[in-house]
Amino acid sequence: MVITDPEVWPMPAELPGVLAHAASVYTAAGIPVFPCAPGQKRPLTVHGFRDATTDPAQIAAWWGRHPEANIGIPTGTVIGVLDVDVHATGSGYPILRTLQREGLIGGWGQAVRSPSGGLHLYYPTAPDAAQRSWSRGRAHVDFRGTGGYIIAPPSTITTDDGARYYEIIARGRHPRPVDADTIRELLTPQPEHPPRRLDPLAVREVEHLAAWVAALPEGNRNAGLFWAACRLAEAGLPEPDTLGVLESAASAAGLEPREIAKTIRSAHRTAIVEVPDDPVAQTARSLSGIGR
Numbered sequence: 028m029v030i031t032d033p034e035v036w037p038m039p040a041e042l043p044g045v046l047a048h049a050a051s052v053y054t055a056a057g058i059p060v061f062p063c064a065p066g067q068k069r070p071l072t073v074h075g076f077r078d079a080t081t082d083p084a085q086i087a088a089w090w091g092r093h094p095e096a097n098i099g100i101p102t103g104t105v106i107g108v109l110d111v112d113v114h115a116t117g118s119g120y121p122i123l124r125t126l127q128r129e130g131l132i133g134g135w136g137q138a139v140r141s142p143s144g145g146l147h148l149y150y151p152t153a154p155d156a157a158q159r160s161w162s163r164g165r166a167h168v169d170f171r172g173t174g175g176y177i178i179a180p181p182s183t184i185t186t187d188d189g190a191r192y193y194e195i196i197a198r199g200r201h202p203r204p205v206d207a208d209t210i211r212e213l214l215t216p217q218p219e220h221p222p223r224r225l226d227p228l229a230v231r232e233v234e235h236l237a238a239w240v241a242a243l244p245e246g247n248r249n250a251g252l253f254w255a256a257c258r259l260a261e262a263g264l265p266e267p268d269t270l271g272v273l274e275s276a277a278s279a280a281g282l283e284p285r286e287i288a289k290t291i292r293s294a295h296r297t298a299i300v301e302v303p304d305d306p307v308a309q310t311a312r313s314l315s316g317i318g319r
């Protein structure tokens, strides 16, 4: 994967034509892009990141109509991104240092400072190994893989303090895929009790439900996540298991980690839950048909 050169375009992105030029640079490097609303993360295309392309004519048409559109890049096909967040409730940088000591984050091709002060580390994907998106809200670290997208430099985000932009701050020398699954396992708290095993039917239904949540459009995402979490709660899944099932899917749909955790917590408080004699069998029966 060819990583873009930070010298290719000026900063900040308010300069005329910069975003259109940057979009062309990405596509020339084989990285598909799609337009997002100026100053926002919302896709402007009907199917969101699924409309991303490297076709020069389509890129010219999109940015011809929306010259100030931000640049979205789907993750999981060409790149995967380790997203280190900075929130009022905490920062992912301490965890990043731990991952660095463990030798788990080497091989990034591009380092990008986000408008919030966070960090995006871009990695090439392995052609024979799909990597799913996941989120670890308590650690303030996410991974954007299959089914997700990121906003790329030199896009801007409009805040109360003005426009802030995504900035390339460093390039790696020898990019290689990252072992996102190992990072996820390291950041996953160990359960107090051994997890219950669902039968194959229940597993399939859970996967259908997670896929449905991941595809929720803007405006329906929170309500859809709440509905799905209620169904899982009513099916007998504990709150930590529901979070494990739906967290990555909701993140792929565009929800933030804090919002995901809050919605799932609210669903478990709201749902009418009866503790079954056989929780595994009850879960399988309750999930039948969900998410289709």
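Following my numbering from start to finish, the sequence shown increments by one per residue and tops out at 319. Ideal Cβ positions, reconstructed from N, Cα and C, are used throughout, including at glycine. From a predicted model like this one, the values you see are computed outputs, not experimental measurements.
Top-ranked residue by Cα proximity to residue i, from the options
i	options	result
T185	P121, V45, R69 and G44	R69
G107	R128, F253, P83 and Y149	Y149
G66	Y193, L236 and D206	Y193
I58	E245, R92, D78 and R292	D78
H201	P101, T173 and P151	P151
L46	R292, P121 and G99	G99
L123	R248, P101, I210 and A84	I210
L270	S118, I287 and P101	I287
T72	R92, T54 and Y53	R92
Y120	A153, A166, A138 and G199	A166
D169	A276, H48 and Q137	A276
A199	S160, V139 and F253	In the sequence as displayed, the identity of residue 199 is Gly instead of Ala. Of S160, V139 and F253, the residue nearest in Cα terms is V139.
H48	Q158, A84 and K289	A84
H147	G172, R128, A153 and P154	G172
A241	S51, V60, L42 and F76	F76
D208	R248, F253, P181 and Q158	Q158
P154	P181, F253, V205 and W239	V205
Which residues DSSP lists as bridging residue i, in chain order
i	result
N247	Note: N247 sits in no beta bridge, so no partner.
A179	I98
P70	C63
R198	Q137
G117	H114
T186	G189
T80	V60
Rounded C-alpha distance that separates residue i from residue j
i	j	result
I196	L109	15 Å
L126	T297	37 Å
I177	H295	30 Å
T104	A156	10 Å
I86	A179	15 Å
V272	A255	10 Å
S293	A262	16 Å
E274	W135	25 Å
H191	S141	The sequence as given places Arg at residue 191; His does not occur at that position. So the alpha carbons of these two residues sit roughly 8 Å apart.
G246	G175	17 Å
A64	A96	5 Å
R203	T102	15 Å
I291	C257	8 Å
E266	E283	18 Å
G318	R231	Its pLDDT being 45, under 50, G318 is placed unreliably in this model, and the coordinates cannot settle the point.
E129	W161	20 Å
T81	H74	16 Å
Bounding residues of the alpha helix (DSSP H) (the contiguous stretch that carries residue i)
i	result
S51	V45 to A55
L148	Careful: L148 lies outside any alpha helix (DSSP H), inside the beta strand (DSSP E) at L146 to P151.
Q137	Q137 -> not in any alpha helix (DSSP H); beta strand (DSSP E) instead, spanning Q137 to R140.
V272	E266 to A280
S293	P284 to T297
Q85	P83 to R92
T209	A207 to L214
First and last residue of the uninterrupted beta strand (DSSP E) at residue i
i	result
Y192	G189 to Y192
D169	V168 to R171
P101	N97 to T102
V111	I106 to V111
P62	F61 to C63
R163	W161 to R163
Cβ shell of residue i (< 6 Å), same chain only, five flanking positions each side left out
i	result
L243	G251 and A280
V113	S143, G144 and G145
I132	L126
G44	none
W89	P62
P222	For P222, the predicted structure reports a pLDDT of 49, less than 50, and the residue's modelled location is therefore unreliable. A value from the coordinates is still provided. Correct list: empty, nothing qualifies.
L259	T269
R163	L214
D253	In the sequence under discussion, the amino acid at residue 253 is Phe, which differs from the Asp named in the question. Excluding sequence neighbours, F253 sits near T290 and A294.
Own chain, CB closer than 8 Å to residue i, minus 5 neighbours either side, in chain order
i	result
H220	Its pLDDT being 49, under 50, H220 is placed unreliably in this model, and the coordinates cannot settle the point.
P94	P43, G44, L46 and A47
R285	H114, T116 and G164
Close beta carbons around residue i, own chain, < 7 Å, minus the five adjacent residues each side
i	result
G117	H167
A50	V60, I86, W90 and I98
P216	none
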